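In terms of this note's numbering, the sequence shown has 296 at position 304, counting the first letter as 1, and numbering is strictly consecutive. No residue lacks a Cβ here, since even glycine has one placed at the ideal position from N, Cα and C. Bear in mind that the values here come from a model prediction, so they are computed numbers and not experimental data. Here the structure is laid out as structure tokens; the discussion comes afterwards.
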Amino acid sequence: RCLVGETIKYEDWFEYPTLGRRYIQITYFPFKDDEKVVRGIVANTRDLTELKLAEEKIQQYASRLEEMVTDRTRELEKAQEELLVRERLAVLGHFAGSISHELRNPLGAIDASIYYLQMKLGAGDEKIADHLARVRTNIDRSTAIIESLLNLSRMEKPKTRPHAVTRLMSDILRAAKIPETVQTETIFPEKEVDVEVDADQIGMVIKNIVHNAVQAMEGAGTLKVSVRPYNEEGQVEIRKSDTGSGIRPENIEKVFQPLFSTKVHGIGFGLSIAKMIVENHGGTIRAESPADGGACFVIALPQGRFAIAEDRAEGKWIISKTRRRHQ
């Protein structure tokens, strides 16, 4: 082509013994005489390595920019969703606080009347006794819902102080009233670790998760609770798993939403409150659905402010198993 009068440009990467890898532009010019006849070819070379590298960086940034915008948009949408959830919880909290007290009094009166009727009627009529027992069961269920609403309305800023996590978890599990038919396994670090928490609020979180696990296992199964002294972010990690029915993959992100519940008699406040409490502590909570079944909840909490750096080694583990049976 150059021999017939065309100017040709060629660009490519070349490997040089002394200069290394360089991006070179070579331009071939036809050399013509006065009569416009090509008599030879002149080659001109330009080193465009820096320009080519800059162009590649711009292209990489341009392709990454779309991903960055997508990621940022996702983050903003998530933040907006969380803000809406918090606002919804705040509104529900005010509403719950006002109606809960109004509902407690009539339920208390009904409960007292049932007690009186049971005392008067005794065990004479089995049908009447059965219906009274049903009423009492539903009163207890309603009272639990009201308590849940009150917990939402009472939610205050946590009053944190250092607590020994193993001792705290042992106390909470004892107070959770786990049925005797449930086997409890605890895996705690040999060396005590502090967490900076409000013990009452964290107790509410753990008890709620444990009660959900017991219900999912229908009162019989294995409940495992473990404590990992320091995760990748330097937080104390509490992991609870069970052998229940588990959580469907499509519900993993929904379980912490207010008013979402897969239980027949659930109102969907328990895990919403749990998430709010944990995040108010500067921690995180997530749900998992292990491949071998059951459900797992992982809570990460800030370590105590007096924690010693040398304690980061996990050390040995103490594994205790407690099986409770009906006497």
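Other residues of its chain near residue i: CB distance less than 6 Å, five sequence neighbours each side excluded
i: V34; result: F21 and F23
i: E280; result: C288
i: H318; result: Confidence at H318 is low in this model, with a pLDDT of 33, below 50, so the placement of that residue should be treated as unreliable; the coordinate-derived value is given next. Excluding sequence neighbours, H318 sits near E172.
i: S312; result: Low confidence applies here, because S312 scores a pLDDT of 42, under 50, leaving its location unreliable; read the following figure in that light. Within the same chain, S312 has close Cβ partners T178.
i: E184; result: A156 and T158
i: L95; result: I138
i: L215; result: V174, T176, A205 and D234
i: D190; result: P150, K151 and T152
Residue i vs residue j beta-carbon contact at 8 Å
i: T(-1); j: Q17; result: no
i: V228; j: V197; result: no
i: L109; j: T135; result: no
i: T41; j: R66; result: no
i: V174; j: A212; result: yes
i: G195; j: Q295; result: no
i: I277; j: Q193; result: no
i: N272; j: P154; result: no
i: G275; j: I291; result: yes
i: I120; j: L113; result: yes
i: I170; j: A266; result: no
8 Å CB neighbourhood of residue i in its chain, flanking five on each side removed
i: V30; result: C(-6), L(-5), V(-4), G(-3), P22, F23 and K24
i: I102; result: V127 and I131
i: I300; result: Note that I300 scores 39 on pLDDT, short of 50, meaning its location in the model is unreliable and no value can be drawn from it.
i: G238; result: A208, S281, P282, G285, G286 and A287
i: N223; result: E229 and A292
Terminal residues of the beta strand (DSSP E) in which residue i lies
i: D234; result: V228 to D234
i: E280; result: T276 to E280
i: R153; result: R153 to A156
i: A292; result: C288 to L293
Cβ-based neighbour list, residue i, same chain, cut-off 7 Å, excluding 5 preceding and 5 following
i: I244; result: A279 and S281
i: K44; result: Y15
i: K1; result: Q17 and T19
Start-to-end residues for the alpha helix (DSSP H) that takes in residue i
i: V270; result: G262 to N272
Counting Cβ pairs closer than 8 Å, one from the stretch 230 to 246 and one from the stretch 195 to 215, do we hit at least three? yes
Closer than 8 Å is the cut-off here; do at least three beta carbon pairs connect the stretch 157 to 170 with the stretch 214 to 222? yes
Complete runs of the beta strand (DSSP E) confined to the stretch -5 to 77 [at least 3 residues]: 0 to 8, 12 to 24 and 30 to 39
Those runs of the beta strand (DSSP E) which lie wholly inside the stretch 171 to 217 and span at least 3 residues: 174 to 181 and 186 to 189
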